[in-house]
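A.B. asks: Numbering (the working numbering), first residue to last: 4 to 313. No residue lacks a Cβ here, since even glycine has one placed at the ideal position from N, Cα and C. My structure is below; once you've seen it, I'll send some questions.
Put into structure tokens, the structure is as follows:
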């Protein structure tokens with residue numbers, strides 16, 4: 004016997020239930036003038052904002068606030084809106100998909116847009132060996148998946164990350180993020196087995212900006228040699244993870260010789276090379292992926308929100 008569903012709307016009967024619910028959800032005692040104060044009181048302080056304005060629309064490179072003010076959006080939706088806000092083709096595709104099916108569970112069956120996306124991604128991958136795809140919800144979760152995969156494939160635990168790196172704010176991603184302490188304040192103990200090495204950025208080495216890339220590369224690879232001989236043995240090291248263009252740590256592209264040096268160390272010791280192109284991928288550096296500049300093959304390539312224009 005199917006139980007009778009009782010709700011705060013009363014006893015539902017077919018379509019009237021949804022009509023009643025729609026009216027209930029759309030009603031609000033908040034006026035535009037009080038929305039801001041409501042947000043300050045009830046939205047978590049865990050995410051900082053640079054303003055208390057309320058965005059209501061976006062078109063192209065501009066966003067519009069509740070008070071009618073328009074502003075040029077230099078954040079690009081934190082890297083999401085490569086084609087601008089409310090691009091008609093993107094918006095139409097999203098709406099059409101919602102009218103077909105919203106949650107086609109990939110653990111139950113294939114669905115066509117999933118496979119069509121892979122079809123478009125394959126030709127632009129920086130190496131033919133990158134031919135197996137795992138889609139989830141965010142860049143942070145891509146990092147989590149990469150860490151799990153590296154540990155599973157190698158049977159090792161430790162991960163080497165770069166000073167100044169940003170890889171996300173979920174628990175494993177936060178452990179390999181070294182750009183700001185604010186991300187991990189009060190969250191200790193973090194995921195164990197993470198070791199840091201310097202990035203070839205002159206500022207990290209207290210050297211002048213004119214320092215040749217070859218000098219920075221030599222210093223960093225020597226520090227990696229010390230790390231693998233003094234702190235995390237190669238037999239315990241699953242992966243090295245790197246942003247080929249350091250993001251929050253200074254927006255610094257890695258020299259080609261440094262990326263090639265990392266690849267050589269990984270090959271020598273059976274360590275996986277994880278390349279995080281969430282910020283630098285999909286044409287932002289002149290190629291589909293910055294790693295192509297060095298012709299270095301990643302074992303795992305991370306991409307995320309910037310895929311929206313494919």
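1) Would you report the Cα separation of residue 117 and residue 64, rounded to the nearest angstrom?
2) Please look up how many angstroms separate the CB atoms of residue 170 and residue 157, rounded, as I've assumed it's under 8 Å.
3) Beta-carbon within less than 6 Å of residue 27's beta-carbon, same chain only, minus the 5 sequence neighbours each way: which residues are those?
4) Rank 45, 219, 305 and 189 by C-alpha distance to the C-alpha of residue 256 and give the top, closest one.
5) If residue 59 sits next to residue 75, beta carbons under 8 Å apart, how far is it from one beta carbon to the other, in whole angstroms?
6) Closest by CA to residue 50, which one among 86, 187 and 152?
7) Using 10 angstroms around the beta-carbon of residue 2, count the other beta-carbons present and answer buried if the total reaches 16, otherwise exposed.
8) Drop a sphere of 10 angstroms on the beta-carbon of residue 125, count the other beta-carbons inside from all chains shown, and report buried for 16 or more, exposed for fewer.
9) What are the start and end residues of the alpha helix (DSSP H) that includes residue 117?
10) Can you tell which of 198, 288, 246 and 290 has the C-alpha that lies nearest to the C-alpha of residue 304?
11) Identify whether residue 61 lies in helix, strand or coil by the three-state DSSP scheme.
12) Per DSSP, which one or two residues make a beta bridge with residue 295?
13) Should residue 299 go down as buried or exposed, given a rule of 16 or more other Cβ atoms within 10 Å for buried?
14) If residue 203 sits next to residue 261, beta carbons under 8 Å apart, how far is it from one beta carbon to the other, in whole angstroms?
15) State the DSSP-derived secondary structure class of residue 103, mapped to helix, strand or coil.
16) Measure the CB-CB distance between residue 268 and residue 227 and report whether it falls below 8 Å.
17) Are the Cβ atoms of residue 207 and residue 166 separated by less than 8 Å?
18) With distances taken from CA atoms, which of 62, 311, 231 and 35 is nearest residue 56?
19) What residue does the alpha helix (DSSP H) around residue 81 start on, and which one ends it?
20) Could you name the residues that DSSP lists as bridge partners for residue 256?
21) Identify every residue that forms a DSSP beta bridge with residue 69.
22) Specify the secondary structure class of residue 197 as computed by DSSP and reduced to three states.
23) I'd like the span of the beta strand (DSSP E) that includes residue 165, first residue to last.
24) Could you pull out every residue in the same chain whose Cβ sits closer than 7 Å to the Cβ of residue 39, ignoring the five residues on either side in sequence?
25) Note down the Cα distance separating residue 114 from residue 214, rounded to an integer number of angstroms.
26) Go to residue 303, then tell me how far its beta strand (DSSP E) extends in each direction, as first and last residue.
27) What's the gap between the Cα of residue 143 and the Cα of residue 95?
28) Report, in whole angstroms, the separation of the C-beta atoms of residue 168 and residue 264, which I expect to be a contact under 8 Å.
C.D. replies: Based on what the coordinates show:
1) 28 Å
2) Contact doesn't hold; Cβ gap of about 19 Å is too wide.
3) Unreliable placement is indicated for residue 27, whose pLDDT of 43 sits below 50; the coordinate value is still reported in the next sentence. So the list is empty, once near-sequence residues are dropped.
4) 219
5) That belief does not hold up - the Cβ atoms of residue 59 and residue 75 are roughly 16 Å apart, past 8 Å.
6) 187
7) Beyond the ends of the chain as shown, which are 4 and 313, falls residue 2; an answer cannot be given.
8) exposed
9) 115-124
10) 246
11) strand
12) In the DSSP output, where bridge partners are listed per residue, residue 295 has none listed.
13) buried
14) 5 Å
15) helix
16) yes
17) yes
18) 35
19) 79-82
20) 248
21) Partner(s): none; residue 69 has no beta bridge.
22) strand
23) 161-165
24) 55 and 57
25) 51 Å
26) 303-305
27) 27 Å
28) Rounded, the Cβ-Cβ distance is 17 Å, inconsistent with contact.
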